[in-house]
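What follows is a set of notes on a single structure, which appears directly below.
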Amino acid sequence: MSSLNEIAQQLKAYKEPIILIYAFNSMGKTRLSVEYKDLTKTEDGNHTGVYYNAYSEDLFVWDNDEEHDNTNINLKVAYSSLNQFHSFLVENPDSLSEKLAPYKPKFTFKFNPYKNPEKGIESVTFLFEEDGQPKKISRGEERIFIWCFFLALFEEDAWVEKQNAHFFIDDPVSSLDDYNIFITADSIVDIIERNYLEKKIIITTHHIGLYSILFDKLRRGEKSDKFKKNIKQFILAKNGTEFELIHHDKDVFLFHLHLMQILDEAIENKLYLFHFVLLRQLLENISSFIGSGRIGFILA
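Position 51 of the sequence shown, counting from 1, maps to 51 under our numbering, and the rest follow consecutively.
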């Protein structure tokens with residue numbers, strides 16, 4: 001077992017440019033991305049790679065404009081080091097629209113730059129066709145927009161060429177339905193295909209659907225011949241405060257069997273609260289498979 005810093009060192013040492021990691025929620029995926037970021041900084045403290053994680057999503061916060069009955073509701077963009085690259089999006093809004101198109105959005109958007117354009121985008125207003133008034137989009141639509149915002153920024157040479165060692169993408173799939181999970185997986189594969197010969201690309205996720213789709217596309221898809229020898233896939237396990245990267249090299253990842261193995265080991269060693277969450281997941285999977293839909297039927 002290892003600390004997260006030691007896990008980050010292992011990831012850095014692997015020669016394979018594509019690393020796919022599955023981990024349950026609260027296992028430390030986001031903290032791992034931070035450890036990797038700190039580990040790979042230059043001596044003067046500059047980042048060497050580009051990141052997408054929960055902190056990326058936290059840059060966006062709703063201003064509900066309650067003082068004026070929501071007439072100017074918008075999504076605020078917190079000021080950060082990324083603002084210096086926003087001019088690319090302001091000057092090329094179609095680059096973001098193109099990233100959004102596969103998700104079939106029901107809204108349009110408008111950037112609201114700072115008065116000083118060099119400071120970048122202050123907020124984003126969303127409009128719907130029926131009345132053209134500013135509206136608040138759903139949680140899922142918000143997550144899609146933020147992901148596509150970063151996808152478009154990934155094509156900004158000034159950012160990506162400056163921090164060109166790696167991409168570290170952590171779970172861009174919260175609040176998404178199955179259709180949008182597939183679209184997101186395709187966008188990640190596109191990033192991998194365009195960059196894996198020049199950069200390391202690390203993907204971490206708690207979503208078994210996203211993991212399975214990526215695993216299948218990279219290991220058995222129509223373009224798998226160029227990926228198979230360049231990928232490593234792992235399960236991130238945790239025991240107390242220690243972590244382990246478990247290499248997963250089988251052709252099929254059977255999620256329910258993995259859950260059963262974890263629960264068996266917990267019974268023999270030590271139970272934690274999250275093990276009961278895993279037990280519920282296992283029972284839900286089994287009940288869904290047999291067509292019952294009720295956990296109680298499995299326990300009866």
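The C-beta atom is built at its ideal place from N, Cα and C for all residues, glycine as well. As the structure is a computational prediction, the values presented were derived from the model and not from experiment.
In chain order, what residues of the same chain lie with their CB nearer than 8 angstroms to the CB of E161, ignoring the 5 residues before and after it?
Answer for E161: no residue qualifies.
Thinking just about the alpha-carbon of each residue, which of G45, K119 and I137 is nearest to the one in D63?
Residue nearest to D63 within the set G45, K119 and I137 is I137 (criterion: CA-CA distance).
Separation of K29 from R302, as counted between CA atoms
Because the chain in this structure spans residues 1 to 300, residue 302 falls outside the shown range and cannot be described.
In angstroms with no decimal places, state the Cα-to-Cα distance between Y22 and P105.
Going by C-alpha positions, Y22 is about 29 angstroms away from P105.
Which residue marks the beginning of the beta strand (DSSP E) containing A237, and which one marks its end?
Per DSSP, the unbroken beta strand (DSSP E) holding A237 starts and ends at I231 to N239.
Could you have a look at D190 and say whether DSSP puts it in helix, strand or coil?
Helix at D190.
If we require 3 or more residues per run, which beta strand (DSSP E) segments fall completely within the segment 153-180?
Runs found: 166-170.
Can you give me the C-alpha to C-alpha distance between G240 and F182, rounded to a whole angstrom?
When rounded, the distance between both Cα atoms is 33 angstroms.
Out of Y79, K135, P102 and E98, which has the shortest C-alpha to C-alpha gap to P113?
Comparing C-alpha distances from P113 to each of Y79, K135, P102 and E98 shows the shortest one belongs to Y79.
Return the CA-CA distance between D58 and F168, expressed in angstroms with no decimal places.
Going by the C-alpha atoms only, they are around 17 angstroms apart.
Decide if R143 is buried, meaning its Cβ has at least 16 other Cβ atoms within 10 Å, or exposed.
By the neighbour-count criterion, in which 16 or more other beta carbons inside 10 Å mark a residue as buried, R143 falls on the buried side.
Near I19, what residues of its chain come up, given a Cβ to Cβ distance below 8 angstroms and the 5 sequence neighbours on each side ignored?
Excluding sequence positions up to five before and after I19, its CB lies within less than 8 angstroms of the CB of L11, K200, I201, I202, I203, I231, K232, Q233 and F234, all in the same chain and listed in chain order.
Using 8 angstroms as the threshold, is the C-beta distance between D177 and H206 below it?
Going by C-beta atoms, D177 is not nearer than 8 angstroms to H206.
Who pairs with T204 in a beta bridge, going by DSSP?
T204 is bridged by DSSP to I21 and D170.
Does the beta-carbon distance from L273 to I7 come in below 8 angstroms?
For L273 and I7, no; Cβs fall outside 8 angstroms.
Would you decide whether S33 is buried or exposed? Buried here means 16 or more other CB atoms lie within 10 Å of its CB.
Burial call: buried.
Chain-order list of residues whose beta-carbon lies under 8 angstroms from that of K37 (same chain, five-residue window excluded)
These residues qualify, in order along the chain: H47, G49, Y51 and F168.
Length of the line joining the Cα atoms of K238 and F215:
Across the structure, K238 and F215 are spaced so that their CA atoms are roughly 22 angstroms apart.
To the nearest angstrom, report how far apart G132 and I192 are at their CA atoms.
Near 37 angstroms, if we compare the C-alpha coordinates of I192 and G132.
Cβ-based burial, T184 [other Cβ within 10 Å; buried from 16]
When all chains shown are included, T184 counts as buried.
E198 - DSSP class collapsed to helix/strand/coil
DSSP places E198 in coil when its eight states are reduced to three.
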